[in-house]
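Shown next, in structure tokens, is the structure this report addresses.
Number of protein chains: 2
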Amino acid sequence: MSLRYPNGKAYIPPKATGTSKKRNTNATSSYGNRGMSLEEDINISNEYYLANGLAVIHKKPTPLQVVKVDYPKRSAAIIKEAYFQQASTTDYNGVFQGKYIDFEAKETKNKSSFPLKNFHKHQIDHMRQVLSQNGVCFALLRFSISDEVYLLDAKHLCTYWSNQESGRKSIPKKEIEDLGFLVPLGFHPRVDYLRIVKDVYF
Amino acid sequence: MSLRYPNGKAYIPPKATGTSKKRNTNATSSYGNRGMSLEEDINISNEYYLANGLAVIHKKPTPLQVVKVDYPKRSAAIIKEAYFQQASTTDYNGVFQGKYIDFEAKETKNKSSFPLKNFHKHQIDHMRQVLSQNGVCFALLRFSISDEVYLLDAKHLCTYWSNQESGRKSIPKKEIEDLGFLVPLGFHPRVDYLRIVKDVYF
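Line by line, the protein sequences give chains E and R.
Once you know that position 1 of the first sequence is 1 in UniProt numbering, the rest is easy, because the numbers rise by one and skip nothing.
Once you know that position 1 of the second sequence is 1 in UniProt numbering, the rest is easy, because the numbers rise by one and skip nothing.
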């Protein structure tokens with residue numbers, strides 16, 4: 001059974017956050033999208049950054065409301081009832097050369113525009129708060145068909161979000177290309193967004 | 001039934017992270033410790049910082065491994081089996097005037113020393129990583145009997161941690177007073193650690 005959030009999004013079980021999983025990265029793997037989700041690619045990129053002392057950026061755990069817990073003898077506590085909660089922040093944050101880094105990662109199967117419904121009001125509010133504290137804040141937007149990932153500064157995303165009321169519910173890809181930055185995709189790291197961060201924010 | 005982690009720590013149900021709870025803070029409340037946990041006091045302080053545009057600092061959700069989820073018709077998904085995971089990072093992070101802020105909060109009933117067993121190796125490793133990225137990183141240590149909270153820079157904590165092998169399993173309070181900073185406790189915010197951060201790290 002695949003797990004789904006109330007909003008219909010597939011639930012991707014979090015990896016044990018304490019351990020940096022060793023991966024079998026054979027030379028036969030090709031560059032770019034090999035069927036991994038953007039989230040998975042970013043997590044592996046963050047492991048690479050961490051292992052190489054380049055940045056400390058983690059995905060936040062999914063917030064859950066725990067209602068009932070059992071304590072069987074001689075074994076770990078089992079949560080028997082809990083509910084998914086909507087996160088009040090973006091998924092990723094951390095530190096890169098002293099600066100606070102904060103971002104959300106989303107993907108679409110659309111070819112020519114990125115639907116704003118991928119974002120929640122809480123996330124946009126959080127981005128505005130981070131911007132007002134001079135944090136580095138952006139979205140990583142993947143067009144999965146063409147396997148392109150763009151870094152779009154949160155100030156642009158927030159503007160598009162605000163302008164939704166005037167009717168446009170998505171960001172045209174052409175404008176993402178103009179306002180954002182194409183993120184190099186590779187092998188190590190897979191989604192090298194720090195390279196863009198270094199160029200744009202430092 | 002009170003909930004407990006496998007390590008015996010009481011489980012404090014996370015507040016809905018999306019909503020900033022309004023609290024009844026009557027004038028009859030006195031300053032200082034009114035039986036609230038340090039975590040609760042810090043969460044409320046962070047809400048104050050956020051509401052006043054002073055900083056964006058959140059507690060990370062407790063990481064859980066979700067194993068089984070039910071999808072009853074017409075209602076939210078229910079997690080029926082999940083397990084607590086050990087966090088790989090500290091509990092709190094965020095941004096204050098562009099800088100990355102990262103800390104752990106712990107309390108003890110001891111009077112004259114702070115036991116190092118309050119910290120986990122993962123947390124210390126994370127602190128070292130953050131320090132190497134020039135993040136602002138520290139511990140907030142409460143002596144609950146005297147209701148004093150000290151900010152101790154992570155570099156000191158990591159040194160004490162490393163020296164544990166030579167026998168000393170706790171930090172003498174006298175040394176915390178010398179190396180750390182007494183955090184002002186008040187009403188709004190309750191634990192005004194940002195005031196120390198501003199003095200020490202800016």
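Ideal Cβ placement from N, Cα and C applies to all residues, glycine included.
None of these values were measured; they are calculated from a predicted model.
Inset, instruction - Identify whether D91/E lies in helix, strand or coil by the three-state DSSP scheme. - result: coil
Inset, instruction - May I have the straight-line CA-CA distance separating Y92/E from H58/E, to the nearest angstrom? - result: 6 Å
Legend entry - Where the alpha helix (DSSP H) containing residue 215/E begins and where it ends: For chain E, the structure presents residues 1 to 202; residue 215/E sits outside this window and is missing.
Inset, instruction - Alpha carbon to alpha carbon, how far is P172/R from C137/E? Give it in angstroms, no decimals. - result: 40 Å
Legend entry - Beta-carbon proximity of L54/R to L194/R, cut-off 8 Å: yes
Inset, instruction - Could you tell me whether any Cβ in chain R is nearer than 8 Å to the Cβ of Y201/E? - result: no
Inset, instruction - Specify the secondary structure class of Q133/R as computed by DSSP and reduced to three states. - result: coil
Legend entry - Test: K169/R CB closer than 8 Å to a CB of chain E: no
Legend entry - One or two residues paired with D153/E in a DSSP bridge: F138/E
Legend entry - Interface flag, G53/E vs chain R, CB-CB below 8 Å: yes
Legend entry - CB of S146/R within 8 Å of CB of K109/R, strictly: no
Legend entry - Residues near E81/R in its chain [Cβ-Cβ closer than 6 Å; skip 5 each side]: V67 and K68
Legend entry - Local conformation of K79/E per DSSP, three classes: Checking the sequence shown, residue 79/E turns out to be Ile, not Lys. In the structure shown, I79/E sits in a strand (DSSP, three-state: E or B).
Legend entry - Per-residue DSSP class, three states only, for I42/R: helix
Legend entry - Own chain, CB closer than 6 Å to L179/E, minus 5 neighbours either side, in chain order: H156
Inset, instruction - Taking I171/R as part of the beta strand (DSSP E), name the residues at either end of that continuous run. - result: S170 to P172
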